[in-house]
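Residue numbers (our numbering): 77 to 242.
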């Protein structure tokens with residue numbers, strides 16, 4: 077199996093972290109959370125409003141350096157919650173800061189009902205990379221942790237990802 081690093085960003089309810097963990101268990105990959113230098117503060121509503129402004133302006137928040145060396149990995153899996161129809165600003169910063177061309181990539185996103193164009197945006201941010209199986213996982217629209225996408229669909233994607241890595 078290829079050497080894999082899973083990087084993901086999660087903010088409020090840990091849904092993206094949950095899916096990253098499932099992928100990690102299925103593939104025995106290394107796992108790392110993308111962390112911002114200045115994390116979001118305030119109420120859920122305040123952070124949602126700030127996130128909207130950042131997405132609309134193309135803002136790239138500063139993120140912490142990764143503990144893992146990307147050059148040591150053949151495959152990088154990247155997970156994000158959907159923020160205003162695209163990837164979270166911290167994930168956009170990750171792609172801006174790290175050239176994944178020549179690598180194989182797997183994308184996954186979580187959302188509460190509006191997946192938007194997140195996976196297309198992630199693929200566009202990785203020009204020169206070979207894209208593997210991607211997954212969109214829906215959770216309840218109230219921002220909670222109730223998974224709407226059938227676990228069987230997630231399991232099928234995990235099996236596909238595992239086969240891609242062989």
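C-beta atoms are modelled at their ideal positions from N, C-alpha and C, and glycine is treated no differently. This one's a predicted model, so the numbers in the text were calculated from it and none came from an experiment.
Any heavy atom of the ligand PLP within a distance shorter than 8 angstroms of the CB on residue i?
i           : result
residue 169 : Because no ligand of any kind appears in the structure shown, any question about the ligand PLP cannot be addressed here.
Our contact map puts residue i next to residue j with C-beta atoms below 8 angstroms; I'd like the distance itself, whole angstroms only.
i           : j           : result
residue 165 : residue 137 : 5 angstroms
residue 81  : residue 152 : 5 angstroms
Pull up the distance between the alpha-carbon of residue i and that of residue j, whole angstroms please.
i           : j           : result
residue 209 : residue 128 : 28 angstroms
residue 124 : residue 190 : 15 angstroms
residue 122 : residue 239 : 41 angstroms
residue 90  : residue 182 : 19 angstroms
residue 134 : residue 241 : 33 angstroms
residue 85  : residue 214 : 16 angstroms
residue 194 : residue 163 : 5 angstroms
residue 170 : residue 199 : 13 angstroms
residue 188 : residue 156 : 12 angstroms
For residue i, which residues from the same chain have a beta carbon less than 6 angstroms from its beta carbon, with the 5 sequence-adjacent residues on both sides left out?
i           : result
residue 154 : 83, 183
Apart from the five residues just before and just after residue i, which ones in its own chain have a Cβ nearer than 7 angstroms to its Cβ?
i           : result
residue 148 : 79
Q: Assess, as a yes-or-no matter, whether the stretch 227–240 is touched by the stretch 107–122 under the definition of 3 or more beta carbon pairs within less than 8 angstroms.
A: no
Q. Are the stretch 217–227 and the stretch 170–180 in contact at 8 angstroms, needing three or more beta carbon pairs?
A. no
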